[in-house]
Amino acid sequence: MKHNTFVLAASLSALVSCTGVAPEPFGTVPADFQVEWQKMETNMFLHFGPNTFTSAEWGTGEESEDTFNPTELDCSQWVAVAKAAGFKGMIITAKHHDGFCLWPNPESTHTVAQSNWRDGKGDVLRELSSACADQGMKFGVYISPWDRNDPRYGTDEYNGVFRRALESVLGGTYGQIFEQWFDGACGEGPNGKVQVYDWSLFHGTVRELQPQAVMFSDAGPGCRWVGNERGYAPETCWSTIDTTGLAPGKVPDISVLGTGLKGGSCWIPAECDVSIRPGWFWKESENSSVKTINQLLSIYYTSVGSNSLMLLNVPPDTRGRIHEIDSVRLMEFRAALDEIFSEDLASGAKACSSDDRGRGFRAENVLDGNYDSYWACPDGVTEASLTLELDGARTFNRVQVQEYIPLGQRVESFSVEARMADGSWQKVADGTTIGYKRILLTEKVTAEALRINFSAAACPVINSVSLYLDNIFDQQ
Ligand code: FUL
1 MKHNTFVLAA SLSALVSCTG VAPEPFGTVP ADFQVEWQKM ETNMFLHFGP NTFTSAEWGT
61 GEESEDTFNP TELDCSQWVA VAKAAGFKGM IITAKHHDGF CLWPNPESTH TVAQSNWRDG
121 KGDVLRELSS ACADQGMKFG VYISPWDRND PRYGTDEYNG VFRRALESVL GGTYGQIFEQ
181 WFDGACGEGP NGKVQVYDWS LFHGTVRELQ PQAVMFSDAG PGCRWVGNER GYAPETCWST
241 IDTTGLAPGK VPDISVLGTG LKGGSCWIPA ECDVSIRPGW FWKESENSSV KTINQLLSIY
301 YTSVGSNSLM LLNVPPDTRG RIHEIDSVRL MEFRAALDEI FSEDLASGAK ACSSDDRGRG
361 FRAENVLDGN YDSYWACPDG VTEASLTLEL DGARTFNRVQ VQEYIPLGQR VESFSVEARM
421 ADGSWQKVAD GTTIGYKRIL LTEKVTAEAL RINFSAAACP VINSVSLYLD NIFDQQ
């Protein structure tokens, strides 16, 4: 009996000692709402306003309010299209640089309330936010601080005017806002003056009214502009950055926005805003230049596949509907993504690794589909490898890897080797940073096993590894 008790106690303690302890977070880590935001991956941007009717990209602010006159506004259609395309959120230009407000902003006399549209009783934000709520879509707003209409622009008074405009959108009438988009543009107002923006006032207002909103600008604080409007995040893309010397609209070295900074003191991940058409606003003349499936897939790989969000602008037309050409293209894009990513060729594989932290943190976790389980190495181990014995020979050309970002971004570089039918290992790809998600494009490889070698700033913490076969995208 005594002996049995001893054996039981000994095996229990062995079991406990094999159970690993989670790594401490490394460096700067995201807020919970930034992790949720990153998981959205693809969102829709909507540029809509007087420019839709004048074919301008930047309105002058002198357009009559009656210019804005959608004949068949249908925000439910926008949301239905976005949803079918797999987007998780929508961000609308509530106010672009011309100053026209798509909601009855009490601070302004240049809004839907002064227009003949719906006898001045219309409110695009109300319709879109309720369509989003009905269809389970997140709702966000772009509100340009630059205002080419407001006579107070360029004076101290304007900062208060803009704060109150923010309050009327963010105060609750339109529900929860997942992202507040701040354009850094700061041009002249109607009196020829340039405004000195009070960013701490604006940011403080958003934080107070919408504590979970991710604030976009060149310098965050929630997410950052990637530095181009082509939907392209560079090969190396850290979600951390230092904001010293950066401000919305003021970025001395734009390349920093793409790469971020290893060990940077702020977690401000990149977002890729890009339009499905050449311009941001709808124009009849651009109906024939809607991006192709290949262009959209390329953007997907260089944004979502490069630790960034894809914010695709799909501008509603003069009817107030997403044009058929754009919606059909989006459905084709969705079908292509579904075809490529529906079958994970790593599933059924057996995973092992050079190192791990014990039970609960083993290599097999990269295959379990659970976001919150991961493979982690012991503290101090910064070079480690993970091997997948595939469930037979598999042919793939995409290698997708995810770090568990709630514990920080760690991997600096990695290489992928494949074991061929003759037993030899061959390097098929390599990359630098990973972050939330990294998709490497390789030649078509048929292999029975895969080995990924990681080199990281702190012990690697890898959430998932997947393999896919893309027969659609042509890299040219
Ligand atoms: C830019 C603006 O000037 C463009 O008109 C557009 O809204 C784009 C998303 O941001 O800075």
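Each step along the sequence shown adds one to the number in this note's numbering, with nothing skipped, and position 296 is 296. C-beta: ideal position from N, C-alpha, C; glycine also. Just so it is clear, the structure is predicted and the values come from calculations on it, not from any experiment.
Under 8 Å by Cβ, that's how I've got residue i and residue j pegged, so tell me the actual separation to the nearest angstrom.
i              : j              : result
isoleucine 438 : serine 306     : Going by the sequence as given, residue 438 is arginine instead of isoleucine. The Cβ separation is near 7 Å, so the contact holds.
alanine 213    : isoleucine 241 : Not a contact, Cβ separation roughly 19 Å.
leucine 386    : valine 366     : 7 Å
glycine 99     : valine 112     : About 13 Å; that fails the 8 Å criterion.
glycine 140    : glycine 89     : 6 Å
valine 81      : isoleucine 322 : 5 Å
threonine 93   : glycine 49     : 6 Å
proline 70     : arginine 319   : 6 Å
Could you spell out where the beta strand (DSSP E) holding residue i opens and where it closes?
i              : result
tyrosine 142   : 138 to 143
glutamate 480  : Here the chain covers residues 1 to 476 and nothing more, so residue 480 does not appear.
tryptophan 225 : 223 to 225
methionine 90  : 89 to 95
isoleucine 434 : Careful: isoleucine 434 lies outside any beta strand (DSSP E) and carries neither H nor E.
Just the Cα atoms here: how many angstroms apart are residue i and residue j?
i                 : j                 : result
alanine 219       : isoleucine 268    : 8 Å
alanine 449       : proline 23        : 28 Å
arginine 224      : glycine 392       : 42 Å
aspartate 422     : serine 415        : 21 Å
cysteine 18       : arginine 230      : 49 Å
serine 466        : methionine 420    : 18 Å
alanine 336       : lysine 83         : 16 Å
aspartate 326     : methionine 137    : 19 Å
isoleucine 276    : glycine 20        : 47 Å
glutamate 36      : cysteine 237      : 19 Å
aspartate 356     : glycine 380       : 11 Å
alanine 31        : proline 406       : 8 Å
glycine 222       : alanine 346       : 34 Å
leucine 12        : arginine 362      : The predicted model places leucine 12 with a pLDDT of 47, which falls under 50 and marks its position as unreliable; any figure quoted below should be read in that light. Going from the Cα of leucine 12 to the Cα of arginine 362 covers about 19 Å.
glutamine 475     : serine 298        : 8 Å
proline 211       : glutamate 167     : 13 Å
threonine 442     : valine 206        : 43 Å
valine 196        : leucine 257       : 23 Å
arginine 152      : arginine 410      : 47 Å
alanine 9         : isoleucine 462    : Caution is warranted here: a pLDDT of 48 is assigned to alanine 9, below 50, making its placement in the model unreliable, and the coordinate value is therefore given only provisionally. Approximately 33 Å between the Cα atoms of the pair.
alanine 418       : leucine 388       : 10 Å
phenylalanine 333 : glycine 260       : 29 Å
glutamine 180     : alanine 384       : 39 Å
threonine 382     : tyrosine 301      : 27 Å
alanine 429       : leucine 440       : 7 Å
threonine 173     : glutamate 107     : 16 Å
tryptophan 375    : arginine 329      : 38 Å
glycine 245       : glycine 192       : 27 Å
proline 315       : phenylalanine 202 : 26 Å
valine 29         : glycine 263       : 10 Å
leucine 125       : arginine 359      : 50 Å
Under DSSP, the alpha helix (DSSP H) around residue i begins and ends at which residues?
i             : result
asparagine 43 : That residue, asparagine 43, is in no alpha helix (DSSP H); its beta strand (DSSP E) goes 42 to 46.
lysine 427    : First-last for lysine 427: 425 to 431, but that is the beta strand (DSSP E), not the alpha helix (DSSP H).
leucine 257   : 255 to 259
asparagine 51 : 50 to 54
alanine 80    : 75 to 84
Which partner residues does residue i have in the DSSP bridge list?
i                 : result
leucine 440       : Val399
tyrosine 197      : According to DSSP, tyrosine 197 bridges with nothing at all.
glutamate 179     : Val214
tryptophan 37     : Bridge partners of tryptophan 37: none, in fact.
phenylalanine 473 : Looking at the DSSP assignment, phenylalanine 473 forms no beta bridge with any residue, so it has no partner.
phenylalanine 414 : Gly431, Phe454
tyrosine 468      : Arg398
lysine 250        : Ala247
alanine 449       : Glu389, Arg419
arginine 362      : The partner list for arginine 362 (beta bridge, DSSP) is empty, contrary to what the question assumes.
serine 477        : For residue 477 there is no data in the structure shown, the boundaries of the chain being 1 and 476.
cysteine 352      : Thr387
threonine 111     : Cys101
glutamate 188     : Val194
threonine 240     : Trp267
valine 494        : No answer is possible for residue 494: it lies beyond the span of the chain, which begins at 1 and ends at 476.
threonine 19      : Arg359
Notebook entry, point to check: What alpha helix (DSSP H) runs, 4 residues minimum, are completely inside the segment 269 to 350?
Noted result: Taken in chain order, the complete alpha helix (DSSP H) segments of 4 residues or longer contained in the segment 269 to 350 are 293 to 302, 324 to 341.
Notebook entry, point to check: If you scan the segment 114 to 167 from start to end, which runs of the beta strand (DSSP E) of 3 or more residues do you find wholly inside it?
Noted result: List check, beta strand (DSSP E) in window: 138 to 143.
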